Amino acid sequence: MKAPGLLAVTRATLAKDLRLEWRSKDAINSMLFFSLLVVVIFSFAFDPTAEVSRKIAGGLVWVAMLFATIMALNQTWARELRNNVMDAYRVSPAPPNAMFLAKTIGSFIFVTILELLMTPLFVMFYNLRSIGPVWQLVVIALLATWALVVNGTFFAVISIHTRSREIMLPLILFPISIPAILAMVSATTLVLTGEYSPLFWMQLLAVYDVVFTTVCLVLFEIVLNAE
Amino acid sequence: MKLKLILFALVTLGLLSYGLYMALVVAPTEATMGDVQRIFYYHVPSAWTAFLCFLINALASIWYLVKRTERSDAIAVSSAEVGVVFCTIVLLTGPIWARPVWGIWWTWDARLTSTLVLWLIYVAYLMLRRFSASGRAPVIAAALAVFGFFDVPFVYLSIRIFRTQHPQPVIAGGEGSGLDPTMAKAFLWNMIAFTVYGLLVMWLRYRLELAERSVEEAHAEKSMQEGA
Amino acid sequence: MSFTYTPDSVAAVTTPAVSLFEITKHFGRFAALRGVSAEFMPGKLYVILGENGAGKSTLLRIVAGLLAPTRGELRVLGTGKLREVALRVGYMGHAPLLYDELDAMENMRYFAGLYGIKDDALCATVLGRVGLDAKLRRRVGQYSQGMRQRTSLARAIVHDPELLLLDEPFSNVDVASAKDMAHLLGVMRDQGKTIFVVTHQAPVMQPVADECIVITAGRLTAREKGIPRHLLSPYAAEVRR
């Protein structure tokens, strides 16, 4: 019997989390409804012409996604705290980073599903039509979602051990994510309006993703075991 | 230790007073902006001192994560608190200066935005320390400081690029604008004075932090002896 | 007299399974553990007794590697680096340490996977050892406390650990389940495992305990063979005063 490898535990933990999520449907329902509400409210708040909507849709979509992501992240670790299940993991020889990766990927899948559901709604309510190529929007969405989710998962595990956990997460996450948010909003707007190439912003997001994924992986075990 | 402290405090007082004199009396009134410009002698040195404090915090946090010494954590707390104070001063004096002179309260240029983001990160840092259990606080706060350290270059870079695509009004004459020699002298004295002042307050806070910890330690030791 | 050669077999017998030296734990101003020192030989079942808040759980968590001591040295299974021996240590916490929305086999499969075990048959066998039906599809959250504690125990022993640490395994458990579990622990001890049990229910453990230690206000105040009568009742110490 050998200690399990990173990939194996990540896969097992991800499968377990997806199964748990499917069973309880806690987060899914509230998030779906929340996303719908956000889109509707934003539509009332901003009722622009097609021309203007292309300029602001990028910002609106990503702000909405940011709030939805916070909600998704807040409950990522909640289940591990119930019944102190995290202790069982920490005591085992399984590598801590496997849990981090599994949680991050799980949240990534989750938020991506939300994006897939919210985008048609946005397109509908704002009569959006992208001038730039849509594949670029897909790449931007992938990079942006990872940027939010990787830092979000890390900060979520920090904030669950604090006194006001729900408010602590956005408090820490937003400032650190500002460059990523600027990048994703700018890139999306550039593609929608077809002004310039969003390439630089996409590169920035990619570098951001690499740097912060590394920082998270390096620091996670330390933070997990801080008592 | 006490003697060094008093000497240091006196030197600081002297520097600050001289800086005040230079800024308000000696330095000439600026041609276009008038006397309001004198805020510059406080705005920029505060910014520099704040950044210095945050840099010290980043280094102390990394040291703490590696070596776990109490001193490095005490330095981290002290530098974060003092840094936030100076950063607040920057963010308050900026708009006060900008409004009468340039007609706008705020602009999203690289420097101002980076300052604001740093302020947000470190206010979050202080809140994290306050809201965490005492055993965890140093480690996770240090982790946040590391994140902040890597984040600031991204903030600066992203805003710079954003500005080339969306030009914004320029505050404070942009980088590299010249200074009249007397103004430069006043500016320099205030830079030194503020740096020294910042270090003094940090030192005091650091000693306070160490003292608080030895009190905790003593309490714990005392409760160890009970019922022996 | 000095020995210049120690055969491995002798060394194995004389190396303690767990050795504590001046283990101290401070939580802010509160000293939960105040310099606990002791050595525990392998192959024995130790019962840890003491009042609420005396520091028993804290001590167990430190041995399990979940908490770091403020001061002192700890050696578990011959090493100070607990991560290295994590594969050979099993821990059962005061809380169930299980996922409520999964059934017993799903829980077992996941936790066994954390130890590198991918054997469904083994999981089923271990569940059988603690007296549970592996084919039961009911979610663990709907179990009775007795069943839940049994499942938690199964989870802790699935990887056949040499060292087993149990924190209040019998809390809110029916007498029959408790006796079964205690009997199982005795069997495991007979197979050569080292077992530590923190409990308030000394009588349940009395038939199988090798030694008991008493923790009072963060200190190790007594160490006896078996469980002597005056320690059987949690109030006995109070009554004697």
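Protein chains in written order, with the working numbering: chain A, 34 to 260; chain B, 25 to 252; chain C, 15 to 255.
Glycine is no exception: its CB is placed at the ideal position from the N, C-alpha and C atoms.
Please read all numbers here as calculations on a predicted model, not as lab measurements.
Beta-carbon spacing of residue i, residue j below 8 Å
i	j	result
Ala101(A)	Met64(A)	yes
Ile131(C)	Val172(C)	yes
Met151(A)	Val72(A)	yes
Val50(C)	Val90(C)	no
Val144(A)	Val94(A)	no
Leu106(A)	Leu202(A)	yes
Pro183(C)	Thr213(C)	yes
Val248(A)	Phe171(B)	yes
Glu254(A)	Pro126(A)	no
Phe75(A)	Met104(A)	no
Leu232(A)	Ile164(A)	no
Closer than 9 Å at the beta carbon, the chain C residues around residue i
i	result
Asp120(A)	Arg75, Ala78, Leu80, Tyr105, Gly107, Ala109, Leu111
Glu240(B)	His40, Gly42, Arg43
Ala177(A)	What Ala177(A) touches in chain C: nothing, since even the nearest Cβ is about 31 Å away.
Residue from the options with nearest C-alpha to residue i
i	options	result
Thr109(A)	Glu228(A), Thr137(A), Ile200(A), Leu225(A)	Thr137(A)
Val241(A)	Leu161(A), Met217(A), Asn117(A)	With the sequence shown as reference, residue 241(A) is identified as Tyr, and Val is not the correct amino acid for it. Checking every option, the nearest Cα to that of Tyr241(A) belongs to Met217(A).
Trp121(B)	Ile80(B), Ala167(B), Tyr65(B), Val106(B)	Tyr65(B)
Leu335(A)	Ser192(A), Ala111(A), Phe66(A), Leu237(A)	Nothing can be reported for residue 335(A), as the shown portion of chain A is limited to 34 through 260.
Thr45(C)	Arg233(C), Thr213(C), Glu238(C)	According to the sequence displayed, residue 45(C) carries Ala and not Thr. Considering only alpha carbons, the answer is Arg233(C).
Leu199(C)	Met219(C), Glu182(C), Asp188(C)	Met219(C)
Met119(A)	Leu88(C), Leu80(C), Glu87(C), Leu101(C)	Leu80(C)
Leu270(B)	Glu240(B), Trp213(B), Arg237(B), Leu224(B)	The displayed coordinates of chain B run from 25 to 252. Any statement about residue 270(B) would go beyond what the structure contains.
Ser184(B)	Phe207(A), Leu204(A), His194(A), Pro212(A)	Sequence check: residue 184(B) is Arg here, not Ser. Closest option to Arg184(B), Cα to Cα, is Pro212(A).
Tyr113(C)	Thr178(A), Tyr122(A), Phe188(A), Thr246(A)	Tyr122(A)
Leu142(B)	Val172(A), Ala97(A), Asn160(A), Ile209(A)	Ile209(A)
Leu250(A)	Leu223(A), Lys58(A), Leu134(A)	Leu134(A)
Val68(B)	Arg123(B), Cys111(B), Thr131(B)	Cys111(B)
Pro110(C)	Thr28(C), Ser185(C), Leu146(C)	Ser185(C)
Glu65(C)	Pro56(C), Arg151(C), Glu238(C), Ile227(C)	Ile227(C)
Tyr60(C)	Arg243(C), Asp224(C), Thr235(C), Leu246(C)	Asp224(C)
Trp234(A)	Thr117(B), Leu232(B), Ile63(B), Thr188(B)	Thr188(B)
Chain A contact residues for residue i, given Cβ-Cβ distances below 9 Å
i	result
Phe125(C)	Ala121, Tyr122, Ser125
Ala52(C)	The contacting residues do not exist; Ala52(C) stays about 21 Å from chain A at best.
Arg203(C)	Ordered by position in chain A, no residue passes the 9 Å Cβ test against Arg203(C), which lies about 20 Å from the chain.
Arg237(C)	Under the 9 Å cutoff, chain A gives no residues; its nearest Cβ is about 26 Å from Arg237(C).
Where residue i meets chain B, residues with beta-carbon distance less than 7 Å
i	result
Ala45(C)	Ala244, Ser247, Met248
Arg48(C)	Met248
Ala216(A)	Ser182
Ile211(A)	Val141, Val179
Under 7 Å by beta carbon: chain A residues contacting residue i
i	result
Ala157(B)	His194
Val163(B)	Ile255, Val256, Ala259
Gly130(C)	Met34, Lys35, Ala36, Pro37
Ala148(B)	Leu204, Ile205, Pro208
Arg164(C)	Residues of chain A passing the Cβ test: none, with the nearest at roughly 15 Å.
Ile185(B)	Phe233
Burial state of residue i, where buried means 16 or more other Cβ atoms lie within 10 Å
i	result
Met202(C)	buried
Phe77(A)	exposed
Trp55(A)	exposed
Gln249(B)	exposed
Gln163(C)	buried
Glu260(A)	exposed
Gln61(B)	buried
Pro205(B)	exposed
Gly206(C)	exposed
Ala235(B)	exposed
Pro177(B)	exposed
Thr73(B)	buried
Glu115(C)	buried
Asp80(A)	exposed
Phe188(A)	buried
Arg169(C)	buried
Lys26(B)	exposed
Proximal residues of chain C, C-beta to C-beta of residue i below 8 Å
i	result
Leu326(A)	Nothing can be reported for residue 326(A), as the shown portion of chain A is limited to 34 through 260.
Val42(A)	Gly127, Leu128
Chain-ordered chain C contacts of residue i [CB-CB under 7 Å]
i	result
Ser57(A)	Glu115
Asn117(A)	Gly107, Ala109, Leu111
Lys49(A)	Tyr124
Interface flag, residue i vs chain D, CB-CB below 8 Å
i	result
Leu101(C)	The chain inventory of the structure shown lacks chain D, comprising the protein chains A, B and C.
Chain A contact residues for residue i, given Cβ-Cβ distances below 8 Å
i	result
Arg169(C)	Ala121
*Taking the runs of the alpha helix (DSSP H) that are 4 residues or longer, which of them lie wholly in the stretch 64 to 143 of chain B?*
Taking 4 residues as the minimum length, the alpha helix (DSSP H) runs contained wholly in the stretch 64 to 143 of chain B are 64 to 91, 94 to 126, in order along the chain.
*asked:* To test your reading of the DSSP string, which unbroken alpha helix (DSSP H) runs of 4 or more residues are found completely within the stretch 81 to 130 of chain C?
replied: The alpha helix (DSSP H) runs of length 4 or more contained entirely in the stretch 81 to 130 of chain C are, from start to end of the chain, 118 to 127.
*Mind listing, in chain order, the continuous alpha helix (DSSP H) runs of no fewer than 4 residues lying wholly within the stretch 179 to 206 of chain C?*
Fully contained in the stretch 179 to 206 of chain C are the following alpha helix (DSSP H) runs of length 4 or more, in chain order: 189 to 204.
*Scan the stretch 36 to 119 of chain A and note each continuous alpha helix (DSSP H) run of 4 residues or more that stays entirely inside, going in chain order.*
Counting only runs of 4 or more, we get 39 to 57, 59 to 78, 83 to 107, 111 to 114.
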